[in-house]
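Numbering (our numbering), first residue to last: -8 to 419.
For each residue, glycine too, the CB sits at the ideal point set by N, CA and C.
What you are looking at is a predicted structure, and each value in this text was computed from that prediction instead of being measured.
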RNA sequence: AGAGGAGUGGCAGAGUGGUCGAAUGCGGCGGUCUUGAAAACCGUUGUACCGCGAGGUACCGGGGGUUCGAAUCCCUCCUCCUCUGCCA
């Protein structure tokens, strides 16, 4: 959620930012916000005055009662009747206006920062970096959804039997590869200074609102009716919400957390013919890095996090490219996002495996996540950032496809100490 | 899941209808003393909103209600503790 004070002081920037995102009728929305805010302030002033008067009279009554001046007290009481209903009305309008303002603010996405390219959709994203080259595959090389059958390492049909489409079962070497990658990613993050967190993978409504999944992505999360809980779409949600309603001291910064969790996404309406195999799932594993930084550092930290993720891809020997997402393709809560895509040779396709974002104060404003730079300073909102490091299924898809040989699938050497095998073959 | 108890400031803990944003202790910050530190003593110490300011308003787990007036009474939800039951 954007800061109201920011909107007030930077109307032009906000309107231009929303235009860049192709947000409909930005000017109209912003003037509505400002109008509601004005209404809120004047109503609050009236309300406060009215409450003040009530408080004063009530104290008088108490005083008179104590002095035994019953009749005088009753006289003052009579005066409060009218005031009371006025106060009630004012209070009602105030909360109605506040709710309307809050709901309107919740529909406004984050403002893209200056480095974000203009554009409408994914075709306008900027490729800012590219590394590695496509492997030369042997004749008869196949996409991963065929390879997993041949080597019997991932079974979609069994997943359909147990749950439904998009919930694969990992078997044998497939399960071990998956577990190895989780450990590898967590160990790498730990070496880079991140603290490992194992959060709940079920969250309440307040957490969903805190990081901005609610109300924006309500239909995209699995919901548990009895408890009004949601299955997490990413570890970002529980890990960032650890800091909801928290005022950190300066020496607690920066916060660098990493967590592995399964992630659940309904992906309602987003399935197409091109989405096959591991490319899109309802449940998948992901290691997520989450950082909380002082505002002045967040821009540099975003780049640092990208470097970190790129390092992982290089260690896995995967060809990849980095996209600076254009304003139209930016997530609702993000001010800038870099996507990492690996090249999948057998599909001749780029697969998104990481998304690294700076939310600036958009999340911390909802979370009320602040820090105090010194004892006599007012608390200041922090910046939150996060990134996948990494999401597993598409990495597995890329490894299977890029590393296939007539004799089996070669495991990247950095993973071999974790898997305990160098090749996936039919003998496993 | 059933029965009982409890949720108050960074922490501990008093307060059961009026001058309570809230005693007291601890902790934190500033100072006096000291070469320095400790001890002792003095002062200070929540957040948000409105207001140029003086100042005002709200917040005692969340929400609603009773009352001129609620931390205090009522309803409801949440959380924690104890016992019983169940169970990785």
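- In the DSSP assignment, residue 121 falls within the beta strand (DSSP E) that extends over 117 to 122.
- Contact annotation: residue 229 and residue 255 have beta-carbon atoms that are not nearer than 9 Å.
- With contacts defined by Cβ atoms closer than 9 Å, residue 97 and residue -5 do not form a contacting pair.
- In the three-state scheme derived from DSSP, where H, G and I count as helix and E and B as strand, residue 237 is classed as coil.
- The Cβ-Cβ distance between residue 44 and residue 81 does not fall below 9 Å.
- Residue range 374 to 382 is occupied by the beta strand (DSSP E) that includes residue 374, with no alpha helix (DSSP H) assigned at that position.
- The beta carbons of residue 331 and residue 311 sit about 6 Å from each other, so the pair counts as a contact at 8 Å.
- Here residue 56 has 64 as same chain residues with Cβ atoms under 6 Å from its own Cβ, once five neighbours each way along the sequence are excluded.
- Under the three-state reduction of DSSP output, residue 148 falls in the helix class.
- Beta-bridge partners assigned by DSSP to residue 401: 414.
- The beta carbons of residue 386 and residue 293 sit no closer together than 9 Å.
- C-alpha of residue 207 to C-alpha of residue 198: approximately 13 Å in a straight line.
- Look at residue 133 here: in three-state DSSP terms it is coil, with no helix or strand label.
- Secondary structure at residue 266: coil, using DSSP grouped into helix, strand and coil.
- Per DSSP, reduced to three states, the secondary structure at residue 254 is strand.
- Residue state for residue 333 is assigned as strand, using DSSP reduced to three classes.
- Secondary structure of residue 247 (DSSP, three-state): strand.
- The three-state secondary structure of residue 222, taken from DSSP, is strand.
- Here residue 102 carries a coil assignment [DSSP, helix/strand/coil].
- Between residue 302 and residue 23, the alpha-carbon positions lie close to 46 Å from each other.
- Look at residue 275 here: in three-state DSSP terms it is strand.
- A residue is called buried when at least 16 other Cβ atoms come within 10 angstroms of its Cβ; residue 181 does not meet this threshold and is exposed.
- The region 198 to 222 contains, as complete beta strand (DSSP E) runs of 3+ residues, the segments 220 to 222 (chain order).
- For residue 243, the closest C-alpha among the options 406, 283 and 124 is that of 283.
- Nearest to residue 315 by alpha-carbon distance, out of 17, 111 and 117, is 117.
- Counting only runs of 4 or more residues that sit fully inside the region 5 to 87, the alpha helix (DSSP H) segments are 17 to 57, in chain order.
- With respect to residue 164, residue 317 sits apart: the two C-beta atoms are not nearer than 9 Å.
- A buried status is given to residue 347, since no fewer than 16 other beta-carbon atoms sit within 10 Å of its beta-carbon.
- Here residue 240 is exposed. Its C-beta has fewer than 16 other C-beta atoms within 10 Å.
- Between the alpha carbons of residue 397 and residue 259 lies a distance of about 38 Å.
- Counting only residues of its own chain and dropping the five nearest sequence neighbours on each side, residue 410 has a CB closer than 7 Å to the CB of 167, 168, 171 and 402.
- Listed in chain order, the alpha helix (DSSP H) elements of length 4 or more contained wholly in the region 145 to 185 are 147 to 153 and 163 to 182.
- In the DSSP assignment, residue 300 falls outside any beta strand (DSSP E) and within the unbroken alpha helix (DSSP H) covering 289 to 306.
- Contact between residue 250 and residue 217 is absent: CB atoms are separated by about 26 Å, not below the 8 Å threshold.
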